Structure formats: structure tokens, C-alpha cells
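Chemist:
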Amino acid sequence: SVEDVDDTMVKAIDRINGLLETFMGINDSDLAQQIWDFAQNKKNPSDFAMA
5 SVEDVDDTMV KAIDRINGLL ETFMGINDSD LAQQIWDFAQ NKKNPSDFAM A
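Be aware that the sequence shown starts at 5, since it is given in our numbering, and climbs by one per residue.
1. Take Ser33 as the anchor and find which of Asp8, Ala55, Lys15 and Val9 has the nearest alpha-carbon.
2. Using DSSP with H/G/I as helix, E/B as strand and the rest coil, what is Ala21?
3. Suppose the cutoff is 8 angstroms on Cβ atoms and the five residues either side in sequence are ignored; what does the same chain contact list for Ile20 look like?
4. According to the Cβ coordinates, are Leu24 and Ile17 closer than 8 angstroms?
5. What number of angstroms, rounded off, separates the C-alpha of Ala53 from the C-alpha of Lys47?
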């Protein structure tokens, strides 16, 4: 359902933001959202890197 997708998306964005904070010292939910958006429909890391 839509709620499950939204919950998964929110958890993923929070996880990305946590990784940004841990490894780069950046706490930016907007950046985490952009990374999530770019990663959508990418099948492998190479596709993501080319986005």
C-alpha cells in the first residue's frame, strides 16, 4: 500500500541521512531525499554513479 511505501521511503531517507552524518559529518535531510530520488529505478551502483 501507499503507506508502506511512504514508511519504507522515510526509513531509507533517515538511514541515508545517518550515513551522511556518520561518514561525512553532514546532517541534511534534503540531501538524503535527493540521494533517494536519484537512486530510484537504478539497478546497480554504476547506474547510480552515472545519474
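A virtual CB, placed ideally from N, CA and C, is assigned to each residue, including glycine. Every value quoted in this text rests on a predicted model; they were computed, and no experiment measured them.
Modeler: This is what the structure holds:
1. Lys15
2. Before going on, a small fix: residue 21 reads as Asn here, not Ala. Of the three classes helix, strand and coil, the one that applies to Asn21 here is helix, per DSSP.
3. Ala36, Ile39 and Trp40
4. no
5. 11 angstroms
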